[in-house]
Amino acid sequence: MTRAIKIGNVTIGGGAPLALIAGPCVIESEASTLAAAERLKLIAADLGIALIFKSSYDKANRSSVTSFRGPGITEGLRILARVKRELGLPVLSDIHRFEEIAPAGEVLDVIQIPAFLSRQTDLLIAAAKTNRVVNIKKGQFLAPWDIKNAIGKVASTGNTNILITERGVSFGYNNLVVDMRALPILRSFGYPVVFDATHSVQIPGGAGTASSGERRFVAPLTRAAVAAGVDALFMEVHACPDKALCDGPNMLSLDELPELLRQAQAIDRIVQQ
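Residue numbers (this note's numbering): 1223 to 1495.
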C-alpha cells in the first residue's frame, strides 16, 4: 500500500478510493475554465469521487512557436485561485521555470513537474521547498525504476508529499506505449501513483507543428491501469475536444467522462478487496 497524501479534502493513496485529477489541458478563457470546473465538480459529487482540478496557465513545451500556450502565469493563477476559492476544489498546474515556483506555490495545491523536466534536479528541489505536494510526471525517456532518483531529489528537502504520474514511454518515433508493469514498479517506491490516461495516447509531434493522439484508446487503457493498481487517474477533458486549443486529439469529452469513471470505480473496488 502506498502512503496517503492529503490535498485539501482529497486523499490519494493509503488505501483510499480512486481519486481524479482532471480539467482542460490549458486555460483557454476564464469562462470556459470555470464552466469545466463546475461541471467536473458535479460529476465528481454524483460519483462520490475525490477531485483535483487541473489546467495549465502556460504550456511552455508546445511543438511550435505559434502554438497556443495559455494566458500566462499572472492571469492563469488568478483564474485558478478563483476556481479554488469559489468551487472549493484543490488545483494543480505545471511549472517550467524557477521564476514561476514562488507565485505558483502561493496558489497551487499541487505543483506539477512536466515529464520533459523530470530529471531537472534544481527545479525538483526548488518546487519541493514550497512544501506543496509535488506531482512528478515520469519522463517518456525514463524506465520506471529511474523515477526513484527524482523521488530522492524531492524527498531530500524533507518534503515527502509526492505523487508519481505514469504517462507512457517513447516507442520509436512519434509514439508512446504504456507498459502496465511500470505501475506496480512505481508503486513499490511507496508513493501514490497516478495514471495519465490522456497523455498516454498522445502522438508527440505527430501532426507536424502539434501533437496528435488517439483518444479511442483512453477508455481501455484507463480500465487496464486501474486493474493493474493505481491511486488516481489524470485526465485532460474538454467540452468539445475537437475545438480545443491544445491537445484536443487526446483529450476526453466531458460527456464521456462519467461512464468511464463508473467503470474505473467498479474495477478499483474489486482490486482493493
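Using N, Cα and C, we set each Cβ at its ideal position, and we do this for glycine too.
Non-local beta-carbon contacts of glutamate 1250 in its own chain, meaning distances under 6 angstroms to residues more than five positions away in sequence, involve Leu1467 in chain order. Beyond the five residues adjoining it in sequence on each side, threonine 1352 comes within less than 6 angstroms, by CB distance, of Gly1327 in the same chain, given in chain order. Assigned with DSSP and collapsed to three states, serine 1422 falls in helix. Annotation: the continuous beta strand (DSSP E) that includes lysine 1359 extends over 1355-1359.
The alpha-carbon separation between alanine 1303 and valine 1356 amounts to approximately 18 angstroms. For leucine 1408, the enclosing alpha helix (DSSP H) stretches over residues 1404-1409. Rounded to whole angstroms, the separation of the alpha carbons of cysteine 1462 and isoleucine 1384 is 32 angstroms.
By the C-beta density criterion, serine 1410 is exposed, having fewer than 16 other C-beta atoms within 10 angstroms. Relative to the Cα of aspartate 1368, the nearest Cα in the group Pro1480, Val1415, Ser1340 belongs to Ser1340. In this structure, the alpha-carbon of alanine 1258 lies about 11 angstroms from that of glutamate 1458.
Burial check for proline 1246: the Cβ neighbour count within 10 Å reaches 16 or more, so the residue is buried.
Counting other Cβ atoms within 10 Å of its Cβ, lysine 1465 stays below 16 and is therefore classed as exposed.
In the DSSP assignment, glutamine 1487 falls within the alpha helix (DSSP H) that extends over 1479-1493. The shortest CA-to-CA distance from glycine 1292 to any of Pro1312, Val1248, Leu1269 is the one to Val1248. Aspartate 1280 is classed as buried because its beta carbon has at least 16 other beta carbons within 10 Å across all chains shown. Look at alanine 1337 here: in three-state DSSP terms it is helix.
Rounded to the nearest whole angstrom, the C-alpha separation of proline 1325 and alanine 1454 is 26 angstroms. A straight-line Cα-Cα distance of about 21 angstroms links serine 1286 and serine 1315. For the region 1237-1262, the full-length beta strand (DSSP E) segments reaching 3 residues or more read 1241-1245 along the chain.
Distance from the CA atom of alanine 1266 to the CA atom of serine 1475, rounded to whole angstroms, is 15 angstroms.
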